[in-house]
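Residue numbers for the sequence shown, in our numbering: 23 to 190. A short write-up of the structure that comes next.
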Amino acid sequence: MMAFTHAAAGATAALLVAQYMNAGTIQSLLILSGGVIGSYMPDIDHPKSAFGSRVLPLSLPISAIFWHRGITHSLIAVVGVSWLTWWVLNQADWDRGIAIPMVIGFAAGYLSHLLGDWLTNSGVPLLWPSKRRFVSPLKLCTGDSREYILGVLMYGWVAMTTMKMFVK
Ligand SMILES: [Zn+2]
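Right under this line is the structure:
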């Protein structure tokens, strides 16, 4: 799945969570930004990805140790990295009113990335260290037209939902 679609899915997942939580406008925007950041994170194991190429000092060693779509594409990583983000924000003394929605969005965005890759041919090792890869029965090829359509639909929904928060 492309970074474009991952970001769209991260934003969609985050806003769905914000709606479910009945979050206010500011909170929703924090959850949304956490979601977009979280949606990029798993590909830190991929030095050629949009995100990985910007953080080579991190992505190169991680990809050498775990390969692409290894531990970073597992449920352990969702929990571990979300907890780590929470810990870092706490250490940095961020206001909880900001840190909590950010981390919630981050976890939602991260999960949405796994869901997105689950839809593609190579699947994801959700239960890493087990090598089993989970693949959706309904497969999508990375970069095919259906992926673009899905991405555009999600961006449309995100834009509409965000706008509605301001006219309320
Ligand atoms: Zn990925």
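The C-beta atom is built at its ideal place from N, Cα and C for all residues, glycine as well.
In the structure shown, L148 falls within a coil segment according to DSSP collapsed to helix, strand and coil. The region 130-139 makes contact with the region 48-58; the number of CB pairs closer than 8 Å reaches 3 or more. Uninterrupted alpha helix (DSSP H) stretches at least 4 residues long and entirely within the region 45-77 occur at 47-62, given in chain order. Taken atom to atom, the span from the alpha-carbon of Y170 to that of A30 is near 10 Å. T142 sits in a strand when the DSSP states are folded into three classes.
Around M24, the same chain offers T164, G165 and E169 as residues with beta carbons nearer than 7 Å, after the five sequence neighbours per side are excluded. Secondary-structure assignment with DSSP links F156 through a beta bridge to V146. Relative to ligand 1, the nearest heavy atom lies less than 7 Å away from the CB of P64. Just measuring C-alpha positions, the residue of W116, A114 and I120 sitting nearest I48 is I120. Around the beta-carbon of A35, 16 or more other beta-carbon atoms lie within 10 Å, marking it buried. Annotation: V157 to D139 spans about 8 Å, alpha carbon to alpha carbon.
With a cut-off of 8 Å on Cβ pairs, the region 93-110 is in contact with the region 56-65, counting three or more such pairs. If you draw a straight line from the Cα of T183 to the Cα of S134, it is about 18 Å long.
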